[in-house]
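Single-structure report; data block below.
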Amino acid sequence: MTQAFNRILTVDSESRIRTEITTYLEDNGFVVIQAENGPQALELFAANPPDLVLSELNLPGLSGLELLTAMTRQAAEIPVIMVSQVDEINSAMQALRLGAWDYIIKPITEMTVLEHAICKALERSRLLQENRIYREKLEQLNLQLSHSLQQLEQDQEAGRYVQAQLLPQNHYQVAEYCFSYRLIPSLYVSGDFIDYFKIDAQNIGFYIADVSGHGAAAAFITILLKSSISQMLADFKAGYQMSILQPHQVLALLNESLAKLNLGKYLTIVYAVLNIKTNKLRYSIGGHHPMPILCSEDSCEFLQGNGFAIGIMAPNSFNELVIQLPNAFNLILFSDGILEVLPQQGLKAQQAYLLDLMRLPNLAIEEIWDKTGIMRHDPLPDDIACLLLNKVSVHGKW
Numbered sequence: 015m016t017q018a019f020n021r022i023l024t025v026d027s028e029s030r031i032r033t034e035i036t037t038y039l040e041d042n043g044f045v046v047i048q049a050e051n052g053p054q055a056l057e058l059f060a061a062n063p064p065d066l067v068l069s070e071l072n073l074p075g076l077s078g079l080e081l082l083t084a085m086t087r088q089a090a091e092i093p094v095i096m097v098s099q100v101d102e103i104n105s106a107m108q109a110l111r112l113g114a115w116d117y118i119i120k121p122i123t124e125m126t127v128l129e130h131a132i133c134k135a136l137e138r139s140r141l142l143q144e145n146r147i148y149r150e151k152l153e154q155l156n157l158q159l160s161h162s163l164q165q166l167e168q169d170q171e172a173g174r175y176v177q178a179q180l181l182p183q184n185h186y187q188v189a190e191y192c193f194s195y196r197l198i199p200s201l202y203v204s205g206d207f208i209d210y211f212k213i214d215a216q217n218i219g220f221y222i223a224d225v226s227g228h229g230a231a232a233a234f235i236t237i238l239l240k241s242s243i244s245q246m247l248a249d250f251k252a253g254y255q256m257s258i259l260q261p262h263q264v265l266a267l268l269n270e271s272l273a274k275l276n277l278g279k280y281l282t283i284v285y286a287v288l289n290i291k292t293n294k295l296r297y298s299i300g301g302h303h304p305m306p307i308l309c310s311e312d313s314c315e316f317l318q319g320n321g322f323a324i325g326i327m328a329p330n331s332f333n334e335l336v337i338q339l340p341n342a343f344n345l346i347l348f349s350d351g352i353l354e355v356l357p358q359q360g361l362k363a364q365q366a367y368l369l370d371l372m373r374l375p376n377l378a379i380e381e382i383w384d385k386t387g388i389m390r391h392d393p394l395p396d397d398i399a400c401l402l403l404n405k406v407s408v409h410g411k412w
């Protein structure tokens, strides 16, 4: 738990005690600065703030409580641990009320007890600092999203630009896996949305969503969707929750959030987590259609799954499925707008046509757009989005 950059300011009127503490802590990786009285400690504290202060309570001149008050006024986030005699417990309790983080009874017979208290306070300080940074980033993100919403209301063209900034980079590659997408709105802004992102060293999250309706109102929901999942990701990285790794929980949280807002809108979604170490896919379906298409050298088929659309009602749970992916494959996810531009009549014929089109090794997003004839429709009857995930074998096309 000790780190070389942890600087400890130890304040004690007895040179022998300061030396004992300094020797022990420096042997265990700390940098120690010594002060023999309160004024000297304040001078050192102000000149170069330490990571933690270890102060005697019964100091001559400027008392330990007065020193604590002055230091807390300057930098309340720096931990202060007081060292008190057994008969000074009341003063130690007062020190805790004034902002001390802990206290140690003197004489210190076991230095490991002191080290444990220091490490515990430093860890708490680190977590508080991370939480503060996390809140600041989240506030900044909320301000950015709020600004984006205002722009979207004021100008549809500006809104289209803003929404595009929230989409991921195209042709994103991690190891042998490559993500790409196309998204074409039927109006200026889209109710369809796509995203993929790194969760940790092993897992990549991705989703495709389709909000009911078109235009600005539907686009507002996509921004809320992006914000919600970004917050789940931030919560995971801050160590608060693991939901972002569990597709069924992601859908449940989104459903609860959207239902509470009562905006008269709902969305369909496929949310998935790809483990690049095990080549396994975990996914949940929230009323989305058509189902994802998985093609490999041996087969080309729609994935299984079902579930409620997000925001209509509050089911207790969503189903989560886990599949072992082939060594090489194409995984294609469409929004339902694709069905409105296909030439076939009837759902079965359209699904069979899509499967036939996708039976190509190392499929490219441009090929999908060309083969489905999407760009021959102007204007489009609906927003259309496609997310493509490839894994190419090093031994051949598949």
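For reference, each letter of the sequence shown is one residue, going 15 to 412 in my numbering.
The C-beta atom is built at its ideal place from N, Cα and C for all residues, glycine as well.
- Its chain contains Ala252 as the residues whose beta carbon lies nearer than 6 Å to that of Tyr148, once the 5 sequence neighbours on both sides are disregarded; these appear in chain order.
- Per DSSP, Gly52 is not a residue of any beta strand (DSSP E); the alpha helix (DSSP H) it occupies stretches across 52 to 61.
- Nearest to Ala230 by alpha-carbon distance, out of Pro357, Lys279, Ser69, is Lys279.
- Here Arg373 carries a coil assignment [DSSP, helix/strand/coil].
- Between Ser194 and Asn184, the CB-CB gap stays under 7 Å.
- If you check the CB distance, Ile222 and Leu401 come in under 7 Å.
- Here Ile283 is buried. Its C-beta has 16 or more other C-beta atoms within 10 Å.
- Taking a contact to require three or more Cβ pairs closer than 8 Å, the stretch 250 to 267 and the stretch 303 to 315 do not qualify as touching.
- Residue pairing of Val97 in beta bridges, as defined by DSSP: Glu70, Ile118.
- DSSP lists Ala286, Leu335 as the beta-bridge partner residues of Tyr297.
- Judged by DSSP secondary structure, Lys274 falls within the alpha helix (DSSP H) whose first and last residues are 261 to 275.
- The beta carbon of Leu288 lies closer than 6 Å to those of Ile218, Leu295 in the same chain, with the five residues before and after it left out.
- When only Cα atoms are considered, Asp397 and Glu190 end up about 30 Å apart.
- Of all alpha-carbon atoms in Ser105, Pro121, Ile122, the one lying nearest the alpha-carbon of Ala114 is that of Ser105.
- Burial is judged here by how many other beta carbons sit within 10 angstroms of a residue's own beta carbon; Glu70 has at least 16 and is buried.
- Sequence-distant Cβ neighbours of Asn51 in its own chain, meaning closer than 8 Å and more than five residues away, are Val25, Ser27, Leu73, Pro74, Gly75, Leu76.
- For Arg21, the uninterrupted beta strand (DSSP E) run begins and ends at 21 to 25, by DSSP.
- According to DSSP, residue pairing for Tyr191 in a beta bridge involves Val188, Lys405.
- With respect to the 7 Å criterion, Ile213 and Ile243 are not classified as neighbours on the basis of their beta carbons.
- Spatial neighbours of Ile35 in its own chain (CB-CB distance under 8 Å, excluding positions within 5 residues in sequence) are listed in chain order as Thr24, Asp26, Val46, Leu68, Ile122, Met125, Leu128.
- For Tyr210, the enclosing beta strand (DSSP E) stretches over residues 206 to 212.
- Nearest neighbour of Ser139 by Cα position, chosen from Pro64, Ala178, Ser160, Val188, turns out to be Pro64.
- For the set Pro393, Asn344, Gln358, Asp101, the Cα lying nearest the Cα of Glu381 is the one of Asn344.
- Check the Cα spacing between Asp392 and each of Leu317, Lys405, Val355, Ser160: the tightest is with Val355.
- Taking 7 Å as the cut-off, the beta carbon of Thr236 is found closer than this to the beta carbon of Phe207.
- A Cβ-Cβ distance of about 6 Å is found for the pair Ala49 and Leu58, placing them in contact under the 8 Å criterion.
- Beta-bridge analysis with DSSP links Gln48 to Thr24.
- Shown here, Ile326 sits in coil according to DSSP, grouped into three states, outside any helix or strand.
- Taking Ala89 as the centre and dropping the five residues before and after it, the same chain places the C-beta of Pro63 closer than 7 Å to its C-beta, in chain order.
- Between the beta-carbon of Leu361 and that of Ala323 there is about 18 Å, and that puts the pair past the 8 Å contact cut.
- Residue range 229 to 251 is occupied by the alpha helix (DSSP H) that includes Leu247, with no beta strand (DSSP E) assigned at that position.
- Apart from sequence neighbours up to five positions away, the residues of its chain that approach Asp116 with a beta-carbon distance below 7 Å are Ile95, Ala131, Ala135, ordered along the chain.
- Apart from sequence neighbours up to five positions away, the residues of its chain that approach Thr86 with a beta-carbon distance below 8 Å are Val94, Leu112, Gly113, ordered along the chain.
- When secondary structure is reduced to three states using DSSP, Asp350 falls in the helix class.
- In this chain, Leu39 is not harboured by any beta strand (DSSP E); it is covered by the alpha helix (DSSP H) spanning 29 to 41.
- Contact between Gln216 and Ile290 is confirmed by a C-beta separation of about 6 Å, below the 8 Å threshold.
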